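S.K.: Structure below; questions to follow.
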Amino acid sequence: MAARQIVNGLLILLVCLSLDAAGASPIAGTPYYHDSFDPGLKPWQPSPERNIEEVYQRHEYYQLVYGEDGKLVSVTRFLRGKPVEVSSYRRQPDGSLQPVTGSPGIAASSTLYATHCAACHGDDRLGGSGPALLPSNLHRLRKRAAGQVIRDGRPATQMPPFGKQLDDAVIQSLVDYIYTQSATVPEWNTHSIAASRTVWLTADKLPAQPVHDADPLNLFCVVEAGDHHVTVLDGDRLEPIHRFPSRFALHGGLKYSPDGRFVYLASRDGWIGKFDLYSLQMVAEIRAGINTRNVAVSADGQTLLVGNTLPNTLVLLNATDLGLIKVIPVTGKNGSTSRISAVYQAAPRGSFVAALKDIPEVWEIMDDGPQYSVRKIRLEQVLDDFFFDQSYRYLIGADRASHGGQVIDLDSGNKVAELPLDGMPHLGSGITWKYRDTQVMASPNLKQGMVTVIDMNNWKVIRQIETLGPGFFMRSHENTPYAWTDVFFGPNRDVMHVIDKRSLEIVKTLRPEPGKTSAHVEFTRDGKYALVSLWEMDGALVVYDAESLEEVKRIPMRKPSGKYNVYNKINRSEGTSH
Numbered sequence: 005m006a007a008r009q010i011v012n013g014l015l016i017l018l019v020c021l022s023l024d025a026a027g028a029s030p031i032a033g034t035p036y037y038h039d040s041f042d043p044g045l046k047p048w049q050p051s052p053e054r055n056i057e058e059v060y061q062r063h064e065y066y067q068l069v070y071g072e073d074g075k076l077v078s079v080t081r082f083l084r085g086k087p088v089e090v091s092s093y094r095r096q097p098d099g100s101l102q103p104v105t106g107s108p109g110i111a112a113s114s115t116l117y118a119t120h121c122a123a124c125h126g127d128d129r130l131g132g133s134g135p136a137l138l139p140s141n142l143h144r145l146r147k148r149a150a151g152q153v154i155r156d157g158r159p160a161t162q163m164p165p166f167g168k169q170l171d172d173a174v175i176q177s178l179v180d181y182i183y184t185q186s187a188t189v190p191e192w193n194t195h196s197i198a199a200s201r202t203v204w205l206t207a208d209k210l211p212a213q214p215v216h217d218a219d220p221l222n223l224f225c226v227v228e229a230g231d232h233h234v235t236v237l238d239g240d241r242l243e244p245i246h247r248f249p250s251r252f253a254l255h256g257g258l259k260y261s262p263d264g265r266f267v268y269l270a271s272r273d274g275w276i277g278k279f280d281l282y283s284l285q286m287v288a289e290i291r292a293g294i295n296t297r298n299v300a301v302s303a304d305g306q307t308l309l310v311g312n313t314l315p316n317t318l319v320l321l322n323a324t325d326l327g328l329i330k331v332i333p334v335t336g337k338n339g340s341t342s343r344i345s346a347v348y349q350a351a352p353r354g355s356f357v358a359a360l361k362d363i364p365e366v367w368e369i370m371d372d373g374p375q376y377s378v379r380k381i382r383l384e385q386v387l388d389d390f391f392f393d394q395s396y397r398y399l400i401g402a403d404r405a406s407h408g409g410q411v412i413d414l415d416s417g418n419k420v421a422e423l424p425l426d427g428m429p430h431l432g433s434g435i436t437w438k439y440r441d442t443q444v445m446a447s448p449n450l451k452q453g454m455v456t457v458i459d460m461n462n463w464k465v466i467r468q469i470e471t472l473g474p475g476f477f478m479r480s481h482e483n484t485p486y487a488w489t490d491v492f493f494g495p496n497r498d499v500m501h502v503i504d505k506r507s508l509e510i511v512k513t514l515r516p517e518p519g520k521t522s523a524h525v526e527f528t529r530d531g532k533y534a535l536v537s538l539w540e541m542d543g544a545l546v547v548y549d550a551e552s553l554e555e556v557k558r559i560p561m562r563k564p565s566g567k568y569n570v571y572n573k574i575n576r577s578e579g580t581s582h
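For the sequence shown, the residue numbers in the working numbering are 5 to 582.
Spelled out as C-alpha cells, the structure:
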C-alpha cells in the first residue's frame with residue numbers, strides 16, 4: 005500500500021510542480037499534500053506543499069482535494085500513513101473556511117477511493133483487476149454487505165481487508181460513494197472494447213483431443229458464486245475434474261459452442277471469457293460493456309452477441325478470438341435508448357433475439373454478417389423475460405409489472421395470444437413437454453407459490469400447481485417423467501418439489517438440507533441423475549437418482565448457482581433453458 009501511494013504521490017508531485025511553475029489554480033479532484041492544516045486562518049491559505057519524501061516521513065500530514073468551483077476543500081488527515089479523519093470546508097467570500105456538516109462529501113470520498121480502491125477498480129470505477137464499482141453493477145450486493153467486504157476483504161480473491169486501516173465512518177463514506185451514480189455517464193466505446201481484449205491461446209495452440217478422459221458431452225460447468233470460481237464436473241463419475249477462478253458476479257447462464265468444446269462466460273460487469281473444455285485453459289477475454297445482461301452463441305458457433313444494460317448496446321464478437329465485430333446502439337424511433345433484458349440465439353431461425361427493457365420492442369438480429377441486419381418488432385409492453393417454443397417460431401414473454409404474458413409469432417411479428425399469468429412468472433426458466441395429446445409449457449413464479457401449466461396449442465391454462473412459495477428455476481429432461489421446481493424465496497426456500505409430468509401433481513417434496521436454500525436442478529446427459537444446488541457458502545451439489553428420487557451423493561461447493569450439462573444445452577433439451 006505504501007509503495008503504491010509513493011508512486012501515486014510522485015505523479016501528483018510532478019503535476020503540482022508544473023502547476024506552481026505556471027501559476028495555475030489547483031486541479032479539481034487532484035490530491036495535494038501538506039504538513040499542516042489550519043482552518044482558522046482568515047483569509048485561509050494552505051500551508052506550503054511538501055515533497056513526497058517529507059510527507060511520508062511525517063507522523064501526521066493532510067491531503068487536500070478541491071472541488072470543481074475551487075471553493076469546496078475536502079481534507080483527509082493521515083496518521084502514520086493511515087486516513088483517520090475526513091472533513092469538508094467551503095471557502096467564504098471573506099476568504100475564511102466554513103465547515104460543511106454531515107458526511108465527508110463526494111470530493112473527500114473520491115480521494116479515499118483514489119487512495120485505496122482505484123488501483124484495482126479503476127480511476128473511473130469501471131473496474132480493472134477488481135469489478136466495476138457503480139450502482140448498476142452493485143445491485144446484487146447490499147450496502148451493508150459492501151461495508152463488510154471493505155472491512156474484512158473477500159476470501160480467495162485479491163480483495164484485501166481494510167478494517168485495520170480505515171475506521172467505520174471512512175468505510176461508510178466509501179460505501180456511499182460507490183453507490184452514488186457517477187456525475188458523467190460512463191462510456192465504453194469500440195476503442196475501449198477492443199483495447200480490453202486478451203488472447204492467451206490461438207487456435208493453433210489448442211490440442212486436438214481432451215487432456216482428460218471424461219465424456220466431453222457429459223461435462224457440467226458449475227458457477228460457484230461464493231468465491232467466484234467455475235468447476236468442471238464429470239457427469240459420469242460425478243466428480244470435479246478442474247476448478248478455475250472467474251470474474252466477479254459471473255452470470256449463471258453459461259453458453260457452449262455448438263460442438264460443446266468451448267464455454268463462454270459473461271460477468272455482470274461486462275467481461276466475456278472463452279474457456280477450452282479440452283485443454284482446461286482460458287483462451288481469450290474481452291470486456292464488452294460496463295454492465296452486461298448475458299451472452300448468446302450463434303447456431304454455427306462463429307459469432308457471439310452480448311446484451312448490455314450499460315451502455316445501452318448490443319455487441320457482436322468473433323467467437324474464435326473474441327475480436328470485436330460490431331457495436332449496435334439500442335435506440336428507439338424517438339432517439340431514446342434502452343437496456344437489454346436478455347439475448348438468446350434462435351438457432352432454427354439463423355438469428356439472435358433480444359428483448360428491450362425500456363422500449364416495448366423485440367429485436368431479431370440476423371446472423372448475416374457483415375450486415376447483421378436488425379428487424380424490430382413492436383410490442384404492447386416491454387418484456388423482462390422470455391423463452392421459445394421448440395420450433396422457435398413463437399416467443400413467450402412477460403414483464404415484471406404483472407401485465408400477464410404474451411405470445412409473439414416471430415414469423416409475422418404479431419401477438420397471437422395473451423397469457424393469464426399472475427404475479428411475476430419466470431419465463432426464462434420455463435420448460436416444455438408432451439402432455440397427453442398436446443405440448444405444454446410450465447413456468448415458476450417469482451411472487452406467488454405456484455407453477456402455471458399452459459397448453460401451447462390454444463395458449464390456455466391447464467393447471468396451476470400450488471407450491472410452498474415463490475420459485476425461481478424449473479427443470480426436467482426428456483428421459484424422466486418428472487419436473488423439478490424450487491421454492492427459492494421465503495421460509496420454505498429449502499424445498500424442492502417434484503412434479504409428475506403425466507398427472508401434473510406434486511409427487512414428492514424434498515428438503516436437501518433443512519434451513520438452507522435449494523435451487524436450480526440440472527440433469528446428466530442421459531437424464532439418470534438430477535443435480536440440485538445448495539445455494540449457500542458452505543453449499544454442495546446434491547445428486548439424486550432421477551427415478552427413485554433418492555439422494556446418491558453430495559459434492560461440496562461454494563454457493564453453486566448455475567450449472568449446465570454440455571449435451572443438454574447444445575441439443576436444446578426441452579427440459580433446460582437455451
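Even for Gly, the Cβ is constructed at its ideal location relative to N, Cα and C. If you're wondering where the values come from, they're calculated on a predicted model, not measured in any experiment.
Could you tell me whether the segment 217-236 touches the segment 301-319, using the rule of 3 or more Cβ pairs below 8 Å?
M.R.: At 8 Å Cβ cutoff, the stretches do not touch.
S.K.: With distances taken between CB atoms, is the gap from residue 256 to residue 520 smaller than 9 Å?
M.R.: no
S.K.: Tell me the DSSP bridge mates of residue 260?
M.R.: DSSP output for residue 260 lists 267 as bridge partner(s).
S.K.: Could you give the DSSP three-state label for residue 238: helix, strand or coil?
M.R.: strand
S.K.: Taking Cβ positions, are residue 207 and residue 324 nearer each other than 9 Å?
M.R.: In this structure, residue 207 sits near residue 324, with a CB-CB distance shorter than 9 Å.
S.K.: Looking only at its chain, what residues have a beta carbon closer than 7 Å to the beta carbon of residue 3, apart from the 5 residues adjacent to it on each side?
M.R.: Residue 3 is absent from the model: the chain starts at 5 and stops at 582.
S.K.: What's the gap between the Cα of residue 239 and the Cα of residue 31?
M.R.: 59 Å
S.K.: Would you mind giving the Cβ-Cβ distance between residue 529 and residue 572, rounded to the nearest angstrom? I have them listed as a contact below 8 Å.
M.R.: 7 Å
S.K.: Taking the C-alpha atoms as reference points, what is the distance between residue 301 and residue 252?
M.R.: 22 Å
S.K.: For the segment 453-471 and the segment 417-434, state whether three or more C-beta atom pairs, one from each stretch, are separated by less than 8 Å.
M.R.: yes
S.K.: Give the list of continuous beta strand (DSSP E) stretches no shorter than 3 residues that lie fully inside the segment 472-555.
M.R.: 486-490, 500-504, 509-514, 522-527, 533-538 and 543-549
S.K.: So which of 370, 358 and 292 has the shortest CA-CA distance to residue 390?
M.R.: 358
S.K.: Which of the three DSSP states is assigned to residue 165 in this structure?
M.R.: coil
S.K.: Let me know the secondary structure DSSP gives residue 139 once reduced to three states.
M.R.: helix
S.K.: Does DSSP classify residue 570 as helix, strand or coil?
M.R.: DSSP places residue 570 in helix when its eight states are reduced to three.
S.K.: Helix, strand or coil: which one does DSSP assign to residue 449?
M.R.: Three-state result, residue 449: strand.
S.K.: Does the Cβ-Cβ distance between residue 538 and residue 525 come in under 9 Å?
M.R.: no
S.K.: Taking 9 Å as the cut-off, decide whether the C-beta atoms of residue 273 and residue 136 are in contact.
M.R.: yes
S.K.: With a Cβ-Cβ cutoff of 9 Å, do residue 347 and residue 363 count as a contact?
M.R.: no
S.K.: Would residue 116 be called buried (16 or more neighbouring beta carbons within 10 Å of its own) or exposed?
M.R.: buried
S.K.: For residue 351, which residues from the same chain have a beta carbon less than 6 Å from its beta carbon, with the 5 sequence-adjacent residues on both sides left out?
M.R.: Taking residue 351 as the centre and dropping the five residues before and after it, the same chain places the C-beta of 303 closer than 6 Å to its C-beta, in chain order.
S.K.: Have a look at residue 26 and residue 142 and give me their C-alpha separation to the nearest angstrom.
M.R.: Caution is warranted here: a pLDDT of 35 is assigned to residue 26, below 50, making its placement in the model unreliable, and the coordinate value is therefore given only provisionally. For residue 26 and residue 142, the distance between alpha carbons rounds to 42 Å.
S.K.: So for residue 386, helix, strand or coil by DSSP?
M.R.: coil
S.K.: Cβ of residue 299 within 9 Å of Cβ of residue 276?
M.R.: yes
S.K.: Of all the options 409, 412, 37 and 443, which has the alpha carbon lying nearest to the alpha carbon of residue 579?
M.R.: The residue with the shortest Cα to Cα distance from residue 579 is 443.
S.K.: Out of curiosity, what's the CA-to-CA distance linking residue 294 and residue 356?
M.R.: 21 Å
S.K.: Just to confirm the assignment, what range does the beta strand (DSSP E) spanning residue 615 have?
M.R.: Nothing in the structure corresponds to residue 615, since the chain is present only between 5 and 582.
S.K.: Is it buried or exposed for residue 289, if we count other Cβ within 10 angstroms and need 16 for buried?
M.R.: By the neighbour-count rule (16 or more Cβ atoms within 10 Å), residue 289 is buried.
S.K.: Could you pull out every residue in the same chain whose Cβ sits closer than 7 Å to the Cβ of residue 439, ignoring the five residues on either side in sequence?
M.R.: 505
S.K.: Where are the alpha helix (DSSP H) runs, 4 residues long or more, that stay fully inside the segment 303-360, in chain order?
M.R.: The segment 303-360 contains no whole alpha helix (DSSP H) run of 4 or more residues.
S.K.: On the DSSP bridge assignment, give the partners of residue 247 in chain order.
M.R.: Partner(s): 235.
S.K.: What's the gap between the Cα of residue 6 and the Cα of residue 297?
M.R.: Here the model assigns residue 6 a pLDDT of 40, short of 50, so the residue's position is not dependable, and the following value carries that caveat. Whole-angstrom Cα-Cα distance: 38 Å.
S.K.: Between the alpha carbons of residue 408 and residue 401, how many angstroms are there, rounded?
M.R.: In this structure, the straight-line span from the alpha carbon of residue 408 to that of residue 401 is close to 9 Å.
S.K.: Look up residue 124 in the DSSP assignment and say whether it is helix, strand or coil.
M.R.: helix
S.K.: Measuring alpha carbon to alpha carbon, tell me which residue in 437, 429, 434 and 464 is nearest residue 451.
M.R.: 429
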